[in-house]
Amino acid sequence: MVLPRSRISPFLCVIALLGFWLNAAYFCSGRITSTYVRAEEKSLDMPLDSDVFRVPPGYNAPQQVHITQGDHDGKAVIVSWVTMEEPGSSEVTYWKEHSRKHYYKAKGEVTTYKYYTYSSGYIHHCTIQNLEHNTKYYYQVGTAPTTRTFWFVTPPPVGPDVPYTFGFIGDLGQTFDSNRTLTHYEQNPIKGQAVLFVGDLSYADNHPNHDNNRWDTWARFVERSVAYQPWIWTTGNHEIDFAPEIGETEPFKPFTHRYPTPYRASNSTAPFWYSIKRGPAYIIVLASYSAYGMYTPQYNWLEEELPKVNRRETPWLIVLLHSPWYNSYQYHYMEGESMRVMFEPWFVKYKVDMVFAGHVHAYERSERVSNVAYNIVNGLCQPLSSDQSAPVYITIGDGGNIEGLANSMTEPQPKYSAFREASFGHATLEIKNRTHARYGWHRNQDGFAVEADSMWFHNRFWYPVDDVAATKS
Ligand SMILES: *[C@@H]1O[C@H](CO)[C@@H](O)[C@H](O)[C@H]1NC(C)=O
Ligand SMILES: *[C@@H]1O[C@H](CO)[C@@H](O)[C@H](O)[C@H]1NC(C)=O
Ligand SMILES: *[C@@H]1O[C@H](CO)[C@@H](O)[C@H](O)[C@H]1NC(C)=O
Ligand SMILES: [Fe+2]
Numbered sequence: 001m002v003l004p005r006s007r008i009s010p011f012l013c014v015i016a017l018l019g020f021w022l023n024a025a026y027f028c029s030g031r032i033t034s035t036y037v038r039a040e041e042k043s044l045d046m047p048l049d050s051d052v053f054r055v056p057p058g059y060n061a062p063q064q065v066h067i068t069q070g071d072h073d074g075k076a077v078i079v080s081w082v083t084m085e086e087p088g089s090s091e092v093t094y095w096k097e098h099s100r101k102h103y104y105k106a107k108g109e110v111t112t113y114k115y116y117t118y119s120s121g122y123i124h125h126c127t128i129q130n131l132e133h134n135t136k137y138y139y140q141v142g143t144a145p146t147t148r149t150f151w152f153v154t155p156p157p158v159g160p161d162v163p164y165t166f167g168f169i170g171d172l173g174q175t176f177d178s179n180r181t182l183t184h185y186e187q188n189p190i191k192g193q194a195v196l197f198v199g200d201l202s203y204a205d206n207h208p209n210h211d212n213n214r215w216d217t218w219a220r221f222v223e224r225s226v227a228y229q230p231w232i233w234t235t236g237n238h239e240i241d242f243a244p245e246i247g248e249t250e251p252f253k254p255f256t257h258r259y260p261t262p263y264r265a266s267n268s269t270a271p272f273w274y275s276i277k278r279g280p281a282y283i284i285v286l287a288s289y290s291a292y293g294m295y296t297p298q299y300n301w302l303e304e305e306l307p308k309v310n311r312r313e314t315p316w317l318i319v320l321l322h323s324p325w326y327n328s329y330q331y332h333y334m335e336g337e338s339m340r341v342m343f344e345p346w347f348v349k350y351k352v353d354m355v356f357a358g359h360v361h362a363y364e365r366s367e368r369v370s371n372v373a374y375n376i377v378n379g380l381c382q383p384l385s386s387d388q389s390a391p392v393y394i395t396i397g398d399g400g401n402i403e404g405l406a407n408s409m410t411e412p413q414p415k416y417s418a419f420r421e422a423s424f425g426h427a428t429l430e431i432k433n434r435t436h437a438r439y440g441w442h443r444n445q446d447g448f449a450v451e452a453d454s455m456w457f458h459n460r461f462w463y464p465v466d467d468v469a470a471t472k473s
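Structure below.
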């Protein structure tokens, strides 16, 4: 769509540069601000004696079990868990379904950390490698007699037409609403096979002195999902835990001790930005709270990373980051702007399919929007709302944490915003083949099968026709 721009003065362009464009009224389009309004209630952290935080029985029982992908293409899994009384063993015993007698063992490592007056339990990490694809594995952690057994299913081999389903959760926390979001994800008949988590895990830092016991309770709460399917981690501001007033000056200390990522497999130099392939998808995780200016490690890595993506092998290019670039709520307004300025031209050039962010505690889905043409004097000072090379931006920071909902929106709804609603929920993406993927957003107030917002994504490399417009009618 060509924007009328003959009468836009340079002065207006400067105003636009300041960000007023995010707010302006444009043309009539399929913009939707959902009429559903969630009843205003406080989001309260579940009390420490809640069922979801229960410590498993037995001396030195492994707790807080979680897994994530352990290599670049899905044949390795990192298993992590905590023992409280003593280090015990960091070994994982695992076997393929139906072959309990042929078991394998992998050696792990144990670590601990202190944070202000808190001392962690014994945190174990063990990478299991060379797994077979499409296979159910059981795994056991702990030392007899207090062992615990879980299972996971490995992804199909990387390839363009292997169906795969992802779930998306952000800003989860550990409130009664968080528990509803997780339950809805688990009960959703569209069975997510891995979670792409867009940052802000435990919100321990909202408790006095960043009470790190709340990192432990969070990990016990989500174990019922993340022990059985990998969650892919993105760092948010609640992972920084930088608190010089209590002598804690090492950013991301609790997160890095507890949640390893396979960053070395993608030649990254820090755990906060990295990539993985999983089935038909290439997933790039970026760090909103690590330096991304020109020549920084993250900038250099991403510049080298994007040309490596082979869309004939992995058609779907998905980016995860925490602070959204396109956000029409009044919360965290424009916070993602500096990263957008740095990286958006690359996203358009390499035709990223979708970008998921959190941070704003609500839901929003954009048009295929880009704002890369503007160069101060060319008059193109409004974002282009139907750029078929641009990604769709989705804010899914609606996990339901202690800070409550972001329910105040900028008005009128900007043209680039296709759908927005201030409710808690999660999203799913069912990749069917190289051209089609079914996306849905599920709010917690609905039945498990209801999609409150949905869209058929058409792949930007294989089938770059206007999918957002097709969804509106
Ligand atoms: C959390 O959700 C689960 C599953 O729906 C339920 O069994 C449990 O009682 C809930 N716990 C709390 C504290 O809400
Ligand atoms: C990482 O770098 C090595 C050495 O340059 C290279 O062989 C390998 O393919 C790279 N891996 C990825 C995932 O880019
Ligand atoms: C891809 O999946 C879509 C949706 O299920 C289907 O309509 C389309 O025919 C499929 N394409 C191919 C080539 O199988
Ligand atoms: Fe955040």
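Reminder that position 3 of the sequence shown reads as 3 in the UniProt record's numbering, one-by-one numbering, no gaps. A virtual CB, placed ideally from N, CA and C, is assigned to each residue, including glycine. Since we're looking at a predicted model, the values are computed, not measured.
Proximity test, residue i beta-carbon vs ligand 4 heavy atom, cut-off 7 Å
| i | result |
| --- | --- |
| N327 | no |
Continuous alpha helix (DSSP H) stretch holding residue i: start and end
| i | result |
| --- | --- |
| F347 | 337-349 |
| K253 | 253-258 |
| D453 | Counting along the chain, D453 falls outside any alpha helix (DSSP H), though it belongs to the beta strand (DSSP E) covering 453-458. |
| residue 501 | The chain is shown from 1 up to 473; residue 501 falls before or after that span and cannot be answered. |
| S178 | 176-187 |
| Y299 | 297-305 |
Any non-hydrogen atom of ligand 1 within 7 Å of residue i CB
| i | result |
| --- | --- |
| S50 | yes |
| N179 | yes |
| T175 | no |
| residue 545 | One cannot answer for residue 545 here, as it falls past the ends of the chain, which runs 1 to 473. |
| T183 | yes |
Whole-number beta carbon distance between residue j and residue i, since they are thought to touch under 8 Å
| i | j | result |
| --- | --- | --- |
| Y123 | G70 | In the sequence on display, residue 123 carries Ile and not Tyr. At roughly 16 Å, the Cβ-Cβ gap does not stay under 8 Å, so I123 and G70 are not in contact. |
| V341 | S366 | Contact flag wrong, Cβ pair sits at about 17 Å. |
| S328 | M339 | Not quite, the Cβ-Cβ distance comes to about 17 Å (not below 8 Å), so this is no contact. |
| P297 | T261 | Incorrect: roughly 15 Å between the Cβ atoms, too far for contact. |
| F448 | N188 | 5 Å |
| T165 | T428 | 6 Å |
| D216 | H238 | Their Cβ separation, rounded to whole angstroms, is 15 Å, which puts D216 and H238 out of contact at 8 Å. |
| G336 | H361 | That pair is no contact at about 15 Å. |
| S351 | R460 | Rather than Ser, the amino acid found at residue 351 in this sequence is Lys. Confirmed, Cβ separation roughly 4 Å. |
| Y125 | I67 | Checking the sequence, you will find His at residue 125 rather than Tyr. Between I67 and H125 the Cβ distance is about 10 Å, and since that is not below 8 Å, they are no contact. |
Start and end residues, beta strand (DSSP E) containing residue i
| i | result |
| --- | --- |
| Y104 | 104-106 |
| R438 | 436-443 |
| F150 | 146-153 |
| E430 | 425-431 |
| Q64 | 63-69 |
| Q140 | 136-143 |
| W95 | 92-96 |
| H125 | 122-128 |
| R214 | First-last for R214: 213-226, but that is the alpha helix (DSSP H), not the beta strand (DSSP E). |
| E364 | 363-368 |
| F272 | Neither: F272 is in no beta strand (DSSP E) and is coded neither H nor E. |
| S34 | Element bounds for S34: n/a, residue is neither H nor E. |
| M334 | Unbroken run through M334: none, as it is neither H nor E. |
| G74 | Here G74 belongs to no beta strand (DSSP E), and DSSP marks it neither H nor E. |
| residue 491 | Nothing about residue 491 can be read from this structure; the chain reaches only from 1 to 473. |
| W325 | From DSSP, W325 is part of no beta strand (DSSP E); its letter is neither H nor E. |
| Y282 | 281-285 |
Please write down, chain order preserved, every residue whose beta carbon lies under 5 Å from a heavy atom of ligand 4. D200, G236, N237, H359
Residues proximal to ligand 2 by C-beta, any heavy atom closer than 6 Å: H72, S266, N267, K308
Using the beta carbon as the reference atom, which residues fall closer than 7 Å to any heavy atom of ligand 3, ordered along the chain? K432, N433, T435, H436
So, does the stretch 41-52 touch the stretch 168-179, judging by three or more C-beta pairs under 8 Å? yes
Given 8 Å, three or more beta-carbon pairs between the stretch 241-248 and the stretch 208-225: yes
Validate contact between the stretch 149-160 and the stretch 369-387 using beta carbons, cut 8 Å, 3 pairs: no
Take every Cβ of the stretch 95-109, pair it with every Cβ of the stretch 298-311, and state whether three or more of those distances are shorter than 8 Å. no
Below 8 Å, how does it come out for the stretch 104-115 and the stretch 263-279: are there three or more Cβ pairs, yes or no? no
Count the C-beta pairs between the stretch 52-63 and the stretch 78-88 that are closer than 8 Å, then say yes if the count reaches three, no if not. yes
With a threshold of 8 Å, are at least 3 pairs of Cβ atoms found where one atom belongs to the stretch 188-197 and the other to the stretch 225-235? yes
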